[in-house]
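Trainee:
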Amino acid sequence: MTKIEIGGQKMTVLEIDLLDETNNLPDEDKQLVENILQFAAGYLKIEEGTELSLTFTTNEGIQEINREYRNKDQATDVISFALEEMGDGETEIDWGDFDLETPRMLGDIIISTEKAEEQAKDYGHTKARELGFLAVHGLLHLLGYDHMEPDEEKVMFGLQKEVLDAYGLER
225 MTKIEIGGQK MTVLEIDLLD ETNNLPDEDK QLVENILQFA AGYLKIEEGT
275 ELSLTFTTNE GIQEINREYR NKDQATDVIS FALEEMGDGE TEIDWGDFDL
325 ETPRMLGDII ISTEKAEEQA KDYGHTKARE LGFLAVHGLL HLLGYDHMEP
375 DEEKVMFGLQ KEVLDAYGLE R
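Letter by letter, the sequence shown follows residues 225 to 395 in the numbering used here.
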């Protein structure tokens, strides 16, 4: 588990369940993404102990997920599944007076490492920068940010840039 420094003290904000389906992503890339997510969580003041799942996969793997859950038969760079959003036809459970001491579970971030490499080359920056960008992008989606409308895009992309710049991962 990664400890980051926030406000002069070392802490771990997120509990990250990391899975590398590619079986070939270097440990330093995994560590970088975990560090950036921890930093972003502290920067965005996410409550300590919050959980998320992070999966690294191939273009083929993410295309399968994209096809099954989004009806888009193509590879993409990152997909997020927020657990705090209600889906169509889902009913919210009212826990009433129960005081459940369960950690907050944000959801899943899935990143195609192949697409990250392609885009890094296309944009003329490092794979590390692209992986960091995609991780923060996915985290912001889990927190409810979106970029379907121009005003939403401006807010989300502005915050994304702010987090990456504060971390020191600039273009």
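Even glycine gets a Cβ: it sits at the ideal position worked out from N, Cα and C.
This structure is a prediction, so every number in the text was calculated from the model and none was measured.
Taking the beta strand (DSSP E) that residue 329 falls in, what are its first and last residues?
Mentor: Where residue 329 is concerned, the enclosing beta strand (DSSP E) stretches over 329-336.
Trainee: With distances taken Cα to Cα, identify the nearest neighbour of residue 347 among 257, 294, 296 and 394.
Mentor: The shortest Cα separation from residue 347 among 257, 294, 296 and 394 belongs to 394.
Trainee: How big is the Cα-Cα spacing for residue 329 and residue 350?
Mentor: If you take the alpha carbons of residue 329 and residue 350, they lie about 30 Å apart.
Trainee: Between residue 376 and the ligand FMN, is the CB less than 7 Å from at least one heavy atom?
Mentor: For the structure depicted, the ligand FMN is absent and the ligand set is empty, with no information on it obtainable.
Trainee: Judging by CA-CA distance, which residue of 298, 270 and 251 is the nearest neighbour of residue 283?
Mentor: The shortest C-alpha separation from residue 283 is found at 298.
Trainee: Determine the direct distance from the alpha carbon of residue 249 to that of residue 343, and round the result to whole angstroms.
Mentor: Cα to Cα, residue 343 sits roughly 16 Å from residue 249.
Trainee: Note down, one range per segment and in chain order, each alpha helix (DSSP H) of at least 4 residues found wholly within the region 236-306.
Mentor: Listed in chain order, the complete alpha helix (DSSP H) runs (minimum 4 residues) inside the region 236-306 are 251-267 and 283-294.
Trainee: Below 8 Å, can you find three or more Cβ-Cβ pairs linking the region 235-245 to the region 272-283?
Mentor: Yes, they touch.
Trainee: Mind reading off the beta-carbon distance from residue 306 to residue 365? Whole number of angstroms is fine, and I expect it under 8 Å.
Mentor: Confirmed, about 7 Å.
Trainee: Assuming residue 356 contacts residue 256 (C-beta within less than 8 Å), just tell me the rounded distance between them.
Mentor: With 8 Å as the limit, residue 356 and residue 256 qualify as a contact, their Cβ atoms being about 7 Å apart.
Trainee: Considering only residues of the region 338-373, which uninterrupted alpha helix (DSSP H) runs meet the minimum length of 4 residues and lie entirely inside it, listed in chain order?
Mentor: Counting only runs of 4 or more, we get 351-366.
Trainee: For the candidate residues 352, 237 and 382, whose alpha-carbon lies nearest to that of residue 251?
Mentor: The residue with the shortest Cα to Cα distance from residue 251 is 352.
Trainee: Tell me whether residue 380 is buried or exposed, calling it buried when 16 or more other Cβ atoms sit within 10 Å of its Cβ.
Mentor: Counting Cβ neighbours within 10 Å, residue 380 comes out buried, since at least 16 surround it.
Trainee: Are the beta-carbon atoms of residue 262 and residue 237 separated by less than 8 Å?
Mentor: Yes, they are a contact pair.
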